[in-house]
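Chains as they are written, first to last, in our numbering: chain A, -4 to 329; chain B, -4 to 329. These notes are about the structure you will find just below.
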DNA sequence: AAGACTATTGTTAACGTGTGCATAGATGTG
DNA sequence: CACATCTATGCACACGTTAACAATAGTCTT
């Protein structure tokens, strides 16, 4: 049996209502009464029953943090940074409930009663279904990492198209003209954005990219590895490869060294994400940094604001990406 | 306003009691009545209010997944695999609440009412305080990744001492005698276990490790990098370095190549954990694999069993580690 | 000093669900 | 046919908390 406000009330010789008010620091209660009740609560090691609170206050104290998938395709570093960012903001005001969207067989159980607010770290257009569901239920929602136009939904993301443009342009500025592309996972919005930025840079500088210089990828080490192996068999090899994330870049670099070649002397490589190990591989990887932790922090802050003020500040926040030049690209212009 | 069992009752012309029983598939209710009620519930898009259920059933439907820290020292891959493992087991029966133990200012709010069970992924002896608290409250608990003897607490971990022994012995078998150690983060149990395994191998083969061959580390890239830089300044350098995790090994390898030397020709390196990138760095890293995802799955399965059967199967499950030989160690015995 | 007002506390109902007990009807039994 | 038994349902209360309203005592005003 756990201790309730009624137990406290009995000991303090007051009604349980007074105890409730005292513990919630209501101005209605005399200061000395409050103090007396607080002391007793402390002694009894009282903890409020949050189920009861939730029932009457119509708040769950739960915040959902949903990823497109937990089981496939989400990179560990991304996942980690996102949770860290959100966690650092919510502190102990809410419980953080982590879920993979693809684990839901039905969105039925997602209601106003079970979540005070939801953060979706979205990697795929397929997430639109759950976004619509949540918006329809009127649950405060912020979508991170992917642009979204649903009305009433907050949106925080980085400008990945611009980042890819930067990286691809950098390759061109270093004198490369035979440039290949390893694409991201099919269906992930980021894959499309990064490819778009790449294409724009190519068109802008009037560089042709033959079909053989394009390979699909899955955002993992192995697919980057395979794609680069493919490029290395070509008669006229590319001199540089733009990889849509760092993990594929690492896999690609592995393939280069296995073939007895060197990065960047024989092949230049750029990645995307600036994961923690990018600076530590040899050669250090030139890549694009996007502020995931900042995105998730901003998202959480905005969500909390939205929950508490009820005001729908429906704006999209676009954070800039940054090219991090290291050692994996050779300059051909000298 | 959301729909409740009373709304359904009104439409079905029965009492809310009957609706409650019908939806919980009680044998007391006639089959056709059940069906009629189910249809109406479906039409109204009824979802039970879990706060109310929790209040009366005294179950929270929450499972806590606590890490020693979210903000410092936990590696992304470790974190990711642990969450995946647990998530794959619980499916939709419970909500998974992720927290960092160091975010708690007080354990006061951790009660039977707020968690049906808790999984602690423990990396430090300091976690004993929260373990004691949870055990005292009588909440079903499983501790992963670190040995624990508290009575009534389930425990699943890998035998890291043995893994480190394997790896260190392997270095010796390859003919190395000047072997250095980069230790794990101070206070983390794994750091102690791995060091112990290393020491045991050295003693077993009667190999002396001078003080200059031991450096503290923080489990991150940078500390591995610094430690190796230190070793490289020594007059009589080690020929091999045992790093207490892969990230430090990667940092160490970086330092070697920065010094114009090569792994494994000039310096052999072994890591620990077999993180995803271990196979893809150049040279591929020889390391020790421990089954984190399996540990977290086993842990979750046992916890659920414990919650539902109430039987305390207080056993410790020790999973074996495995040496993964790749290319980062040179054989001196030829 | 009577009425109005204020400060503090208590009474009671409500949130949505589950369950022990009562009840009514149906069925069986000798 | 009287009684026991069984089946299906309803009634009333409980879980722990908050909040609208009521009540009491004290203070102020004129």
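Virtual Cβ for every residue (Gly too), placed ideally from N, Cα, C.
- Query: When the cut-off is 8 Å and only beta carbons count, does residue 47/B lie next to chain A?
  - Reply: Position 52 of the second chain, counted from the first residue, corresponds to residue 47/B. Cβ-Cβ to chain A under 8 Å: yes for residue 47/B.
- Between the CA atoms of residue 106/A and residue 96/A - distance to the nearest angstrom: As a working mapping, residue 96/A is identified with position 101 in the first chain. As a working mapping, residue 106/A is identified with position 111 in the first chain. So the alpha carbons of these two residues sit roughly 15 Å apart.
- Query: Considering only residues of the same chain and omitting the five flanking positions on each side of residue 62/B, which have a CB-CB separation below 6 Å?
  - Reply: As a first step, residue 62/B must be located in the second chain, where it is residue number 67. In its chain, beyond the 5 residues on either side, 69, 95, 116 have a beta carbon closer than 6 Å to the beta carbon of residue 62/B.
- Query: Under the three-state reduction of DSSP, which class applies to residue 213/A: helix, strand or coil?
  - Reply: Position 218 of the first chain, counting from 1, holds the residue named residue 213/A. Coil at residue 213/A, not helix or strand.
- Query: Thinking C-beta only, is residue 108/A closer than 8 Å to residue 46/B?
  - Reply: As a first step, residue 46/B is located in the second chain; it is residue number 51 there, counting from the start. As a first step, residue 108/A is located in the first chain; it is residue number 113 there, counting from the start. Their beta carbons are under 8 Å apart, which means residue 46/B touches residue 108/A by this criterion.
- Query: Which partner residues of residue 65/A appear in the DSSP bridge assignment?
  - Reply: As a position in the first chain, residue 65/A is number 70, starting the count at 1. Answer by DSSP bridge pairing: none, since residue 65/A is not bridged.
- Item | Where residue 249/A sits in the DSSP three-state scheme | On the first chain, residue 249/A is found 254 positions in, with the first residue counted as 1. Residue 249/A: helix per DSSP, three-state reduction.
- Query: Does the separation of the CB atoms of residue 111/B and residue 52/B fall below 8 Å?
  - Reply: As a working mapping, residue 111/B is identified with position 116 in the second chain. As a working mapping, residue 52/B is identified with position 57 in the second chain. Not in contact: residue 111/B and residue 52/B (Cβ atoms no closer than 8 Å).
- Query: Is the region 127 to 139 of chain B touching the region 157 to 177 of chain B in the sense that three or more CB pairs, one from each, lie closer than 8 Å?
  - Reply: A contact between stretches requires three or more CB pairs, one per stretch, nearer than 8 Å, and the region 157 to 177 of chain B fails this requirement with the region 127 to 139 of chain B.
- Message: Using a Cβ-Cβ cutoff of 9 Å, what residues of the region 230 to 257 of chain B are near chain A? List them in chain order.
- Response: Near chain A, meaning a CB-to-CB distance below 9 Å, the residues of the region 230 to 257 of chain B are 242, 245, 246, 248, 249, 251, 252, 253.
- Does DSSP classify residue 37/B as helix, strand or coil? Position 42 of the second chain holds residue 37/B. The answer is helix: DSSP assigns residue 37/B an H, G or I state.
- Going straight from the alpha carbon of residue 234/B to that of residue 261/B, what length do you get? In the second chain, residue 234/B corresponds to position 239, counting from 1. In the second chain, residue 261/B corresponds to position 266, counting from 1. Taking the straight line joining both Cα atoms gives about 7 Å.
- Task: Can you tell me which of the three DSSP states residue 112/B falls into?
- Result: One-based indexing of the second chain puts residue 112/B at position 117. Residue 112/B: strand per DSSP, three-state reduction.
- Buried or exposed (CB count within 10 angstroms, at least 16 for buried), residue 228/B: Counted from its first residue, the second chain places residue 228/B at position 233. Exposed, because fewer than 16 other Cβ atoms sit within 10 Å of the Cβ of residue 228/B.
- Item | Strand pairing of residue 94/A, partner residues [DSSP] | To locate residue 94/A, count along the first chain from 1; it is residue 99. Under DSSP, residue 94/A takes part in a beta bridge, and its partners are 61/A.
- Considering residue 284/B, what are the terminal residues of the alpha helix (DSSP H) in which it resides? Residue mapping note: residue 284/B aligns to position 289 of the second chain, counting from 1. No alpha helix (DSSP H) holds residue 284/B; the beta strand (DSSP E) holding it covers 282 to 284.
- Query: So is residue 199/B buried or exposed if we call it buried at 16+ other beta carbons inside 10 Å?
  - Reply: Taking the second chain and counting its residues from 1, one reaches residue 199/B at position 204. Its Cβ having fewer than 16 others within 10 Å, residue 199/B is exposed.
- Interface residues of chain B facing residue 10/A [CB-CB closer than 7 Å]: For the purposes of this step, residue 10/A is taken as residue 15 along the first chain, with counting starting at 1. None at all; the shortest Cβ gap to chain B is about 21 Å.
- Query: Are the Cβ atoms of residue 185/B and residue 155/B separated by less than 8 Å?
  - Reply: Here residue 185/B refers to the residue found at position 190 of the second chain. Here residue 155/B refers to the residue found at position 160 of the second chain. In this structure, residue 155/B lies closer than 8 Å to residue 185/B by Cβ.
- Can you give the Cα-Cα distance for residue 93/B and residue 197/A, rounded to whole angstroms? Position 98 of the second chain, counted from the first residue, corresponds to residue 93/B. Position 202 of the first chain, counted from the first residue, corresponds to residue 197/A. Cα to Cα, residue 93/B sits roughly 44 Å from residue 197/A.
- Query: Looking at the unbroken alpha helix (DSSP H) that takes in residue 150/A, where does it start and where does it end?
  - Reply: If you number the first chain from 1, residue 150/A lands on position 155. Here residue 150/A belongs to no alpha helix (DSSP H); instead the beta strand (DSSP E) covers 149 to 153.
- Message: Assuming residue 277/A and residue 269/A are in contact, meaning their beta carbons sit under 8 Å apart, how far apart are those beta carbons, in whole angstroms?
- Response: To locate residue 277/A, count along the first chain from 1; it is residue 282. To locate residue 269/A, count along the first chain from 1; it is residue 274. That belief does not hold up - the Cβ atoms of residue 277/A and residue 269/A are roughly 16 Å apart, past 8 Å.
- Message: My output table needs one value for residue 121/B: the three-state DSSP class, helix, strand or coil.
- Response: Against the second chain, residue 121/B aligns to sequence position 126. Residue 121/B falls in the helix class under three-state DSSP.
- Span of the beta strand (DSSP E) around residue 264/A: Here residue 264/A refers to the residue found at position 269 when the first chain is read from its first residue. Residue 264/A -> beta strand (DSSP E) spans 263 to 265.
- Helix, strand or coil at residue 268/B according to DSSP, with G and I counted as helix: The residue labelled residue 268/B in the question sits at position 273 within the second chain. In this structure, residue 268/B counts as strand in the three-state DSSP scheme.
- Query: For the region 61 to 93 of chain B, which residues have a beta carbon sitting closer than 9 Å to at least one beta carbon of chain A?
  - Reply: Correct list: 65, 66, 69, 70, 71, 72, 73, 74, 75, 76, 78, 79, 82, 83, 86, 87, 90, 91, 92, 93.
- Task: Starting from the C-beta of residue -2/A, find all residues in its chain whose C-beta is less than 6 Å away, skip the five residues before and the five after it, and write them out in chain order.
- Result: The residue labelled residue -2/A in the question sits at position 3 within the first chain. Correct list, in chain order: 39, 41.
- Flag this pair as yes or no: are the beta carbons of residue 91/A and residue 84/A separated by less than 8 Å? Taking the first residue of the first chain as position 1, residue 91/A is located at position 96. Taking the first residue of the first chain as position 1, residue 84/A is located at position 89. No, the Cβ-Cβ distance between residue 91/A and residue 84/A is not below 8 Å.
- Message: Tell me the rounded alpha-carbon separation between residue 216/B and residue 265/B.
- Response: Along the second chain, one-based indexing puts residue 216/B at 221. Along the second chain, one-based indexing puts residue 265/B at 270. Straight-line Cα distance between these residues: approximately 14 Å.
- Coarse secondary structure for residue 407/A, derived from DSSP in three states: Residue 407/A cannot be examined here, being either before or after the span of chain A that is shown, -4 to 329.
- Item | Any non-hydrogen atom of the ligand SAH within 7 Å of residue 261/A CB | With respect to the ligand SAH, the structure offers nothing, as it holds no ligand at all.
- Residue range of the alpha helix (DSSP H) that includes residue 296/B: Along the second chain, read from residue 1 onward, the residue named residue 296/B stands at position 301. Looking at the DSSP string, the run of the alpha helix (DSSP H) that includes residue 296/B is 287 to 304.
- Determine whether the Cβ of residue 271/B lies closer than 8 Å to any Cβ atom of chain A. By 1-based counting over the second chain, the position of residue 271/B is 276. So, interface residue.
- Message: Using the three-state DSSP reduction, which class does residue 202/A fall into: helix, strand or coil?
- Response: Along the first chain, one-based indexing puts residue 202/A at 207. Note: residue 202/A maps to coil in three-state DSSP.
- The alpha helix (DSSP H) enclosing residue 74/A, as first and last residue numbers: For the purposes of this step, residue 74/A is taken as the residue at position 79 of the first chain. 71 to 85 is the extent of the alpha helix (DSSP H) around residue 74/A.
- Message: Just to confirm before moving on: does the CB-CB distance between residue 73/A and residue 189/A stay below 8 Å?
- Response: To locate residue 73/A, count along the first chain from 1; it is residue 78. To locate residue 189/A, count along the first chain from 1; it is residue 194. Not in contact: residue 73/A and residue 189/A (Cβ atoms no closer than 8 Å).
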